[in-house]
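Student: Encoded as structure tokens, here's the structure I'll be asking about.
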Amino acid sequence: EIINDDDERLKELKAGCGEGIYEAVVTALKELNEYNASGRYPVKELWNFKAGRKASLKEAAQHLIKSCKLHKRKK
Numbered sequence: 013e014i015i016n017d018d019d020e021r022l023k024e025l026k027a028g029c030g031e032g033i034y035e036a037v038v039t040a041l042k043e044l045n046e047y048n049a050s051g052r053y054p055v056k057e058l059w060n061f062k063a064g065r066k067a068s069l070k071e072a073a074q075h076l077i078k079s080c081k082l083h084k085r086k087k
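When the count follows my numbering, it moves up by one through the sequence shown with no breaks and lands on 87 for the last residue.
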């Protein structure tokens with residue numbers, strides 16, 4: 013689905029809430045379409061909050077290993 017900038021609800025959102033909220037909603041809609049265009053339900057993904065981007069598989073594996081090591085020490 014293509015996001016239509018002329019959509020009345022998006023125009024009302026932009027006028028009522030401002031550019032920042034409008035951009036956040038448009039970005040969220042684009043991400044929903046990118047990851048699951050058929051169902052439009054959210055898909056979980058790993059996120060690197062420090063870098064402000066998606067986490068790589070390597071980063072995820074490193075985090076899991078670190079978490080397992082910390083968990084083993086607590087036992």
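We treat Cβ as the ideally placed atom computed from N, Cα and C, and that holds for glycine. Computed from a predicted structure; not experimentally measured.
In whole angstroms, what is the alpha-carbon distance linking K56 and G28?
Tutor: 30 Å
Student: To the nearest angstrom, how far is it from the Cα of R21 to the Cα of V37?
Tutor: 11 Å
Student: Mind reading off the beta-carbon distance from K66 to L58? Whole number of angstroms is fine, and I expect it under 8 Å.
Tutor: Correct: roughly 7 Å between the Cβ atoms.
Student: Going by the beta-carbon positions, is the gap between Y34 and L44 smaller than 9 Å?
Tutor: no
Student: Helix, strand or coil: how does DSSP classify K84 here?
Tutor: helix
Student: Counting only runs that start and end within the segment 22-74, where is the beta strand (DSSP E) found for 3 or more residues in a row?
Tutor: none
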